[in-house]
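A.B. asks: Residue numbers (my numbering): -13 to 187. Okay, handing you the structure first.
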């Protein structure tokens, strides 16, 4: 086996063990020792990664890339309902990636916030693009511009994520939190796009 192939195989084994560790215990509960207890040589781990933060961020990148590839492959870019359904399908079927993604999305380790924000930027841009395309199919009210609608979308997104990051949800397990979050996002998008009133009286 060539040296590059051997190195890549080592990295793959480390990341597989790290995905299991962070996918179950999260960042705060995950440890290098637990990762190495699966048969990973600690010297090789530190030869390929700078430490816990580096491995965690690599796992987050992998999780985000897997999520984005899944969403793009579902061809749901013009239908909000299909998009939300595809998101939920992914989260239901990829527990480790979902745990890592949602922890970083809602409660990131503070010292990694900037790096995490950069990793999540493609997902956030994709969300905005989905909402933007939904606006194209609507006739907006006379005093509401597309820019106004996008600003409102960003504001509601920040408020929603802040709500799910609050102490009220700290003791909720990840699967339950994900389900509630996605149901809330789906309803919120529907309300933002189509309103809550049946019609004028």
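The beta-carbon is built from N, C-alpha and C at its ideal position, and this holds for glycine as well. Model, not experiment: these values are computed from the prediction.
Residue 46 to residue 128, Cα distance in whole Å?
C.D. replies: For the purposes of this step, residue 46 is identified with residue 60 of the chain shown, where counting begins at 1. For the purposes of this step, residue 128 is identified with residue 142 of the chain shown, where counting begins at 1. Distance between the alpha carbons of residue 46 and residue 128 is about 42 angstroms.
A.B. asks: To the nearest angstrom, report how far apart residue 153 and residue 30 are at their CA atoms.
C.D. replies: As a working mapping, residue 153 is identified with position 167 in the chain shown. As a working mapping, residue 30 is identified with position 44 in the chain shown. Each residue's Cα considered, the two are about 39 angstroms apart.
A.B. asks: Leaving out five residues on either side along the sequence, give the residues of the same chain with a beta carbon under 6 angstroms from the beta carbon of residue 5.
C.D. replies: Working through the chain shown from its first residue, we reach residue 5 at position 19. Closer than 6 angstroms at the Cβ level, and outside the excluded window around residue 5, lie 45, 82.
A.B. asks: Residue 150 and residue 178 look like a contact to me (Cβ under 8 angstroms); what is the Cβ gap, rounded to whole Å?
C.D. replies: The residue given as residue 150 occupies position 164 in the chain shown. The residue given as residue 178 occupies position 192 in the chain shown. Rounded, the Cβ-Cβ distance is 17 angstroms, inconsistent with contact.
A.B. asks: State the DSSP-derived secondary structure class of residue 194, mapped to helix, strand or coil.
C.D. replies: Residue 194 is absent from the structure shown; the chain starts at -13 and stops at 187.
A.B. asks: The alpha helix (DSSP H) spanning residue 29 covers which residue range?
C.D. replies: Counting from one through the chain shown, the residue named residue 29 turns up at place 43. From DSSP, the alpha helix (DSSP H) with residue 29 extends over 28 to 34.
A.B. asks: Looking at residue 18 and residue 3, is the spacing between their C-beta atoms short of 8 angstroms?
C.D. replies: As a position in the chain shown, residue 3 is number 17, starting the count at 1. As a position in the chain shown, residue 18 is number 32, starting the count at 1. Cβ atoms of residue 3 and residue 18: not closer than 8 angstroms.
A.B. asks: Relative to the C-alpha of residue 77, which residue among 57, 67, 66 is closest?
C.D. replies: For this step, residue 77 is matched to residue 91 along the chain shown. Residue 57 is the option with its Cα nearest to residue 77.
A.B. asks: Along the chain, which unbroken stretches of the beta strand (DSSP E) at least 3 residues long are found entirely within the region 55 to 97?
C.D. replies: Correct list: empty.
A.B. asks: Shortest alpha-carbon distance to residue -1 belongs to which of 9, 27, 11, 16?
C.D. replies: To locate residue -1, count along the chain shown from 1; it is residue 13. Checking every option, the nearest Cα to that of residue -1 belongs to 27.
A.B. asks: Taking contact to mean 3 or more Cβ pairs, one atom from each stretch, closer than 8 angstroms, check whether the region 65 to 76 and the region 163 to 179 are in contact.
C.D. replies: Judged by Cβ distances under 8 angstroms, the region 65 to 76 makes contact with the region 163 to 179, as three or more pairs qualify.
A.B. asks: With DSSP run on the structure shown, which of helix, strand or coil describes residue 17?
C.D. replies: Locating residue 17 in the chain shown gives position 31, counting from the first residue. Coil, per DSSP.
A.B. asks: If you reduce the DSSP assignment to three classes, tell me which class residue 187 lands in.
C.D. replies: Translated into positions along the chain shown, residue 187 becomes position 201. Since pLDDT at residue 187 reaches only 49, below the 50 mark, its modelled position is unreliable, and the value read off the structure follows with that caveat. Residue 187: coil per DSSP, three-state reduction.
A.B. asks: Residue 183: buried (16+ other C-beta within 10 angstroms of its C-beta) or exposed?
C.D. replies: Indexing the chain shown from 1 puts residue 183 at position 197. Answer is exposed; the Cβ neighbour count stays below 16.
A.B. asks: Taking a contact to mean a Cβ-Cβ separation below 8 angstroms, would you say residue 165 touches residue 155 in this structure?
C.D. replies: Locating residue 165 in the chain shown gives position 179, where the first residue counts as 1. Locating residue 155 in the chain shown gives position 169, where the first residue counts as 1. In this structure, residue 155 does not lie closer than 8 angstroms to residue 165 by Cβ.
A.B. asks: Tell me the rounded alpha-carbon separation between residue 135 and residue 144.
C.D. replies: Within the chain shown, the letter at position 149 stands for residue 135. Within the chain shown, the letter at position 158 stands for residue 144. Looking at the two C-alpha atoms, the distance is approximately 14 angstroms.
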